[in-house]
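In my numbering, the protein residues as written are -18 to 315.
1. On the premise that residue 287 lies in contact with residue 267, defined as a C-beta separation below 8 Å, what is that separation, rounded to the nearest angstrom?
2. Roughly how many angstroms separate the alpha carbons of residue 255 and residue 47, rounded to a whole number?
3. Hey, could you find the ends of the alpha helix (DSSP H) residue 178 is sitting in?
4. Near residue 93, which residues of its chain fall below 7 Å by C-beta distance, leaving aside the five closest residues on each side in sequence?
5. Drop a sphere of 10 angstroms on the beta-carbon of residue 238, count the other beta-carbons inside from all chains shown, and report buried for 16 or more, exposed for fewer.
6. Comparing C-alpha positions only, which one of 270, 114, 249, 244 sits nearest to residue 297?
7. Counting only the same chain and skipping the five closest in sequence on each side, list residues whose C-beta sits under 6 Å from that of residue 149.
8. Consult DSSP for residue 232 and reduce its assignment to one of helix, strand or coil.
9. Under 8 Å Cβ to Cβ from residue -14, same chain only, skipping five residues before and after it: list those, please.
10. For the alpha helix (DSSP H) holding residue 64, just list the boundary residues, first then last.
11. Would the stretch 176 to 183 and the stretch 126 to 133 be scored as touching if the rule is three or more Cβ pairs under 8 Å?
12. Under 8 Å, do residue 120 and residue 196 count as touching if we go by C-beta distance?
13. Could you please give the first and the last residue of the uninterrupted alpha helix (DSSP H) stretch that includes residue 99?
14. Is residue 82 helix, strand or coil by DSSP?
15. If the criterion is Cβ atoms closer than 8 Å, does the pair residue 38 and residue 14 meet it?
16. Going by C-alpha to C-alpha distance, which of 174, 25, 293 sits closest to residue 263?
17. Kindly indicate which residue of 294, 250, 224, 285 has the alpha-carbon position closest to the one of residue 103.
18. Residue 50 lies in the alpha helix (DSSP H); which residues open and close that run?
19. Are there 16 or more other CB atoms within 10 angstroms of the CB of residue 7, so buried, or fewer, so exposed?
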């Protein structure tokens, strides 16, 4: 007979059900945040592009077009409608998949985005892979070498170099890479997307600074993990360093790396705008620069929305992955 004054532990099935409900609640909350974020994103994109100075119709038709032709074109594009009506039509187009036609290219915006989005995604996710593959091992190794104030020369050199690389803008790194590897030595192509070698310089331009900054974060997290009791216990048992770092330290560092990964991906996607311009990369970054220059409202706002959706969805997937790695975080959030 159980002691009446002692609460019985919850059955395993009930505890599992509680975690399942917490996970569903967690995902539901994240989806609601996503909905509100999308509403804010679309609103900002719509009004932001209309702050671009100049007349998009006059820019598209040229200075020789008569005022009557320009006015007729504005009427046909709905630019003479009240702003609230244009905003509603933009939402209607998003829901139906019709983002309108580009003013400058006379092509559906969805077609242009569909053609150029793969190039930007390839560049962004290849750069993210490089960042993770470089920053995590480098951060762990430097933390292991400098733990407890040892090897001060290594600490000083790493801190100086990584700090310098992390603050240099992507476009300056890109220009430097172009000069060294494309202009001076002519080892790699300077522009275009025409084979594996053409990916090297844009990916390096995007990932070098971000890798340096993220490795510093990983190093700080690794130093914290190395001071945990379970690491001291494993070290006291004469466990090999490889097993210690890979089996015990790395899994705990992956959570923090994934958390920062969402921010890193957003930074990489934003960086594609300048990097694609430098390397004439046929993606959305180069396209949105041209759209802003030509005051192409539909194309510019469509690309801004796509950029934002990529970042929002990526962060949602990372949140779900973190919960799968550590289900307790869903319980804490519920």
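By construction, the Cβ of each residue, glycine as well, lies at the ideal position given by its N, Cα and C atoms.
Judging by the given coordinates:
1. Actually they are not in contact, since the Cβ atoms of residue 267 and residue 287 sit about 14 Å apart, beyond 8 Å.
2. 36 Å
3. 178 to 207
4. 83, 86, 268, 280
5. buried
6. 244
7. 190
8. helix
9. Because residue -14 sits at a pLDDT of 45, beneath the cut-off of 50, its placement in the model cannot be relied upon, and the point is left open.
10. 64 to 77
11. no
12. yes
13. 90 to 127
14. strand
15. no
16. 174
17. 250
18. 48 to 58
19. buried
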